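Chemist: FYI, in this note's numbering the residues of the sequence shown are 28 to 456. What follows is a structure written as structure tokens; I'll ask about it next.
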Amino acid sequence: MSEIIPLASVSTGSAEPFRESACKTHPQSMCPAFGALRVLARMEGVQPAMITDTGCLYGLTFVTHFYAARKSIVAPSLGTAELSSGQIQEAANLAIAEAASARNVSVIPVISLCVAETAGLSEELLPREVDGKPVILVRVPAYAIHSHPEAKDVALAALMRRLTVPDAAIEPHTLVLLGEVFPADPVLIDGILRKMGARTLVTIPGRHIDELMLASRGAAVAALHPFYRDTVNLIRERGTPVVGGAPIGADGSAAWLRAVGAALELDEQRVEQVAQEEEQTARDFLARQPLKGATVLVSGYEGNEMLYARLLVEAGAHVPYISTSIGKSVHTAADEAWLRARGTEAIVYRKSLEDDLKALDHWHFDLVIGTTSVTAASKERGIPSVYYTNILSVRPLFLTGGMVASVSLAQELLERRTLYTTMQSFFQD
Ligand code: SF4
28 MSEIIPLASV STGSAEPFRE SACKTHPQSM CPAFGALRVL ARMEGVQPAM ITDTGCLYGL
88 TFVTHFYAAR KSIVAPSLGT AELSSGQIQE AANLAIAEAA SARNVSVIPV ISLCVAETAG
148 LSEELLPREV DGKPVILVRV PAYAIHSHPE AKDVALAALM RRLTVPDAAI EPHTLVLLGE
208 VFPADPVLID GILRKMGART LVTIPGRHID ELMLASRGAA VAALHPFYRD TVNLIRERGT
268 PVVGGAPIGA DGSAAWLRAV GAALELDEQR VEQVAQEEEQ TARDFLARQP LKGATVLVSG
328 YEGNEMLYAR LLVEAGAHVP YISTSIGKSV HTAADEAWLR ARGTEAIVYR KSLEDDLKAL
388 DHWHFDLVIG TTSVTAASKE RGIPSVYYTN ILSVRPLFLT GGMVASVSLA QELLERRTLY
448 TTMQSFFQD
């Protein structure tokens, strides 16, 4: 592929520092509870019962099935009359009984949303189990859980707290991957772990409830995404080592492999050799700096935006602005520090569309990888733009294989600039 020569070679459009908006209550994405539903509606052996009013039910049923739910959602029909007459508890219990009667179900998560929480759904009055099937409350009202990635964490932690045991027999030299990742990523990771004398045990949240039980047998857990805070706390409470960060790019992959080697107590020399080989392969690819000179905006609500930004930066791009729906935490600190040390000026947590639009005015971008609204606005400006969720995060990301896939895509997108400017002038005329 040819070298990128960006049109917008001056990246900063304003001398003033960028200032994000003050409002941080809602990141303007879909209902945060979607994250919990997504995880639970894709897991075999689980039948969620969702307790909310009919409006939320309609929207969440639509979006959950749009994103590949594998089952129906059991829910009572709760309107104003039912809620104001105090029938929520009875309605919840009926929905739980219906969920328990579904075929091949062994666990019933009860997803409690804004309306159920404010109407006073009481955990003490829910059955603890029905026909021997555990009933597990998952509280994800949007006023407490502000983004859908964080709701995934709440759901997973609630299930693991109830279903897994602290003293499970450990399988030596096995690693559990924590995070919803592209299917090729665990395969790439397992391949390199085997060279170090280890292997992946399972990736959670997975496709079957039994995988959670299996996860408690891992010798260590790798938290690949920074928003699994409750789950990581639970795993640490139970004495299992947790490796933070992810095998991202040349710097990140080598450091991650060494950290995994230490957590699994692998042979140091063997780990070092594999880490150095992986780093060298990555650096060989990066040597020609395929994104050199390009200025890229990264905006998403998946919670893994900084990982992609790191790859772009290592490939030579300038990424002055990154925004995400998740909150800042100790788990985001390392990626934030790495990016700030390499020229990222603004990292906005709990972002709003206004933040992203302001960033479009503040810098001159050659490529925008963002949410639907911001990519629409940047296409109007003739900037190559793609939707983060459906285009970028459906490709491998980790180790050299993932890096090549993701960086090559960004390079191809940059080469489409003429198409965008032609489209812009067509509509302007
Ligand atoms: S009211 Fe709460 S649970 Fe219902 S759709 Fe809105 S944010 Fe989601």
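Where a beta carbon is used, it is the ideal one built from N, C-alpha and C, also for glycine. Since we're looking at a predicted model, the values are computed, not measured.
Cβ of leucine 205 within 9 Å of Cβ of valine 157?
Modeler: As a first step, residue 205 is located in the sequence shown; it is residue number 178 there, counting from the start. As a first step, residue 157 is located in the sequence shown; it is residue number 130 there, counting from the start. Not a contact, by the Cβ cut-off of 9 Å.
Chemist: CA-CA distance, alanine 35 and alanine 342?
Modeler: Position 8 of the sequence shown, counting from 1, holds the residue named residue 35. Position 315 of the sequence shown, counting from 1, holds the residue named residue 342. At alanine 35 the pLDDT is 49, less than 50, meaning the model places this residue with poor confidence; the figure from the coordinates comes in the next sentence. Approximately 18 Å, taken between the alpha carbons.
Chemist: Of all residues in the structure, which have a C-beta closer than 7 Å to any heavy atom of the ligand SF4, taken in chain order?
Modeler: Cβ atoms closer than 7 Å to the ligand SF4 belong to Cys58, Pro59, Ala60, Thr79, Gly82, Cys83, Gly86, Leu87, Leu140, Cys141, Val142, Pro168 and Ala169.
Chemist: Can you tell which of Arg263, Arg256, Arg234 and Tyr255 has its C-alpha closest to the C-alpha of serine 4?
Modeler: Summary: the structure shown does not reach residue 4, with the chain confined to residues 28 through 456, and so no result is reported for it.
Chemist: Under the assumption that alanine 309 contacts alanine 286 (Cβ atoms under 8 Å), give the Cβ distance between them as a whole number of angstroms.
Modeler: Within the sequence shown, residue 309 is the residue found at index 282, counting from 1. Within the sequence shown, residue 286 is the residue found at index 259, counting from 1. 17 Å between Cβ atoms; not a contact.
Chemist: Buried or exposed: methionine 223, going by 16 or more other Cβ atoms within 10 Å of its Cβ?
Modeler: Within the sequence shown, residue 223 is the residue found at index 196, counting from 1. By the neighbour-count rule (16 or more Cβ atoms within 10 Å), methionine 223 is buried.
Chemist: Three-state secondary structure (DSSP) at threonine 359?
Modeler: The residue given as residue 359 occupies position 332 in the sequence shown. Threonine 359 falls in the coil class under three-state DSSP.
Chemist: To the nearest angstrom, how far is the alpha carbon of glutamate 30 from that of glutamate 177?
Modeler: Taking the sequence shown and counting its residues from 1, one reaches residue 30 at position 3. Taking the sequence shown and counting its residues from 1, one reaches residue 177 at position 150. The predicted position of glutamate 30 is uncertain, since its pLDDT is 41 and thus under 50; a value taken from the coordinates is nonetheless stated next. If I take the Cα positions, the gap works out to 39 Å.
Chemist: From the DSSP output, in three-state form, read off alanine 437 for me.
Modeler: Working through the sequence shown from its first residue, we reach residue 437 at position 410. The answer is helix: DSSP assigns alanine 437 an H, G or I state.
Chemist: In this structure, does DSSP put isoleucine 349 in helix, strand or coil?
Modeler: Taking the sequence shown and counting its residues from 1, the one referred to as residue 349 is at position 322. DSSP places isoleucine 349 in strand when its eight states are reduced to three.
Chemist: In whole angstroms, what separates the C-alpha of glutamate 109 from that of isoleucine 115?
Modeler: Within the sequence shown, residue 109 is the residue found at index 82, counting from 1. Within the sequence shown, residue 115 is the residue found at index 88, counting from 1. One C-alpha to the other measures close to 7 Å.
Chemist: How many Å lie between valine 270 and valine 192 at the Cα?
Modeler: Numbered from its first residue, the sequence shown carries residue 270 at position 243. Numbered from its first residue, the sequence shown carries residue 192 at position 165. Spanning the two alpha carbons is a distance of roughly 20 Å.
Chemist: Is the Cβ-Cβ distance between isoleucine 138 and valine 165 less than 9 Å?
Modeler: Counting from one through the sequence shown, the residue named residue 138 turns up at place 111. Counting from one through the sequence shown, the residue named residue 165 turns up at place 138. Yes; because the gap between Cβ atoms is below 9 Å, this pair is in contact.
Chemist: Whose C-alpha, out of Ser356, Ile349 and Glu407, is nearest the C-alpha of aspartate 383?
Modeler: The sequence position of residue 383 within the sequence shown is 356, counting from 1. Minimum Cα distance to aspartate 383 is reached at Ile349.
Chemist: Beta-carbon within less than 6 Å of arginine 444's beta-carbon, same chain only, minus the 5 sequence neighbours each way: which residues are those?
Modeler: Counted from its first residue, the sequence shown places residue 444 at position 417. Taken in chain order, the residues that qualify are Pro411.
Chemist: From histidine 235 to alanine 195, what does the alpha carbon distance come to, in whole angstroms?
Modeler: Counting from 1 along the sequence shown, the entry for residue 235 is found at position 208. Counting from 1 along the sequence shown, the entry for residue 195 is found at position 168. Going by the C-alpha atoms only, they are around 19 Å apart.
Chemist: Please name the residue, chosen from Leu318, Glu372 and Ala364, that lies closest to valine 431 on a Cα-to-Cα basis.
Modeler: Residue 431 sits at position 404 when you count from the first residue of the sequence shown. The residue with the shortest Cα to Cα distance from valine 431 is Leu318.
Chemist: Would the region 288-301 and the region 355-368 be scored as touching if the rule is three or more Cβ pairs under 8 Å?
Modeler: The region 288-301 vs the region 355-368: no contact.
Chemist: With serine 139 as the anchor, note down where its beta strand (DSSP E) starts and where it stops.
Modeler: Locating residue 139 in the sequence shown gives position 112, counting from the first residue. Residues 135-139.
Chemist: So what's isoleucine 216 in DSSP terms, helix, strand or just coil?
Modeler: Position 189 of the sequence shown, counting from 1, holds the residue named residue 216. Helix.
Chemist: Runs of 3 residues minimum, wholly inside the region 130-181: which ones carry the beta strand (DSSP E) assignment?
Modeler: Here the runs fully enclosed are 135-139 and 160-166.
Chemist: Run the CB neighbour count on serine 128, radius 10 Å, all protein chains shown included, and call it buried at 16 or more, exposed below.
Modeler: Translated into positions along the sequence shown, residue 128 becomes position 101. Label assigned to serine 128: exposed.
Chemist: For the beta strand (DSSP E) that alanine 250 lies in, which residues bound it at each end?
Modeler: For this step, residue 250 is matched to residue 223 along the sequence shown. That run of the beta strand (DSSP E) goes 245-250.
Chemist: Consult DSSP for serine 111 and reduce its assignment to one of helix, strand or coil.
Modeler: Numbered from 1 along the sequence shown, position 84 holds the residue referred to as residue 111. Note: serine 111 maps to helix in three-state DSSP.
Chemist: Measuring alpha carbon to alpha carbon, tell me which residue in Ala76, Ala60 and Lys160 is nearest alanine 171.
Modeler: In the sequence shown, the residue the question calls residue 171 occupies position 144. When each option's Cα is compared against that of alanine 171, the closest is Ala60.
Chemist: Here's a check: name, in chain order, each residue in its chain whose Cβ is nearer than 7 Å to the Cβ of phenylalanine 209, leaving out the five neighbours to either side.
Modeler: Counting from one through the sequence shown, the residue named residue 209 turns up at place 182. Closer than 7 Å at Cβ, skipping near neighbours: Val421, Arg422, Pro423 and Leu424.
Chemist: In this structure, does DSSP put glycine 397 in helix, strand or coil?
Modeler: Here residue 397 is taken as the residue at index 370 of the sequence shown, counted from 1. Strand at glycine 397.
Chemist: Report buried or exposed for glutamate 305, applying the criterion of at least 16 other Cβ atoms within 10 angstroms of its Cβ.
Modeler: Numbered from 1 along the sequence shown, position 278 holds the residue referred to as residue 305. The residue is buried, with at least 16 neighbouring Cβ atoms inside 10 Å.
Chemist: Go to methionine 77, then tell me how far its beta strand (DSSP E) extends in each direction, as first and last residue.
Modeler: Your numbering for residue 77 matches position 50 in the sequence shown. First-last of the beta strand (DSSP E) with methionine 77: 76-78.
Chemist: Per DSSP, which residues does leucine 457 bridge with? Please list them.
Modeler: Look at the range of the chain in this structure, 28 to 456, and you will see that residue 457 is not part of it.
Chemist: For proline 33 and threonine 322, I'd like the C-alpha separation in whole angstroms.
Modeler: Mapped onto the sequence shown, residue 33 falls at position 6. Mapped onto the sequence shown, residue 322 falls at position 295. For proline 33, the pLDDT reaches just 44, beneath the cut-off of 50, and the residue's location in the model is therefore unreliable, although a value from the coordinates is still provided. Using only the alpha carbons, I get a separation of about 8 Å.
Chemist: Between proline 168 and glutamate 144, how many whole angstroms is the CB-CB distance? I'm expecting something under 8 Å.
Modeler: To locate residue 168, count along the sequence shown from 1; it is residue 141. To locate residue 144, count along the sequence shown from 1; it is residue 117. Correct: roughly 4 Å between the Cβ atoms.
Chemist: By how many angstroms is the C-alpha of leucine 338 removed from the C-alpha of valine 434?
Modeler: One-based indexing of the sequence shown puts residue 434 at position 407. One-based indexing of the sequence shown puts residue 338 at position 311. Valine 434 and leucine 338: Cα-Cα distance of roughly 7 Å.
Chemist: Got a sec? Which residues, its chain only, sit under 6 Å from valine 340 by beta carbon, not counting five neighbours each side?
Modeler: For the purposes of this step, residue 340 is taken as the residue at position 313 of the sequence shown. Taken in chain order, the residues that qualify are Val346 and Arg369.
Chemist: Quick one, are the C-beta atoms of leucine 426 and isoleucine 219 less than 9 Å apart?
Modeler: Here residue 426 refers to the residue found at position 399 of the sequence shown. Here residue 219 refers to the residue found at position 192 of the sequence shown. Yes, they are a contact pair.
Chemist: Does DSSP put serine 104 in a helix, a strand or coil?
Modeler: What you label residue 104 is simply residue 77 of the sequence shown in a count that begins at 1. If DSSP states are grouped into helix, strand and coil, serine 104 belongs with coil.
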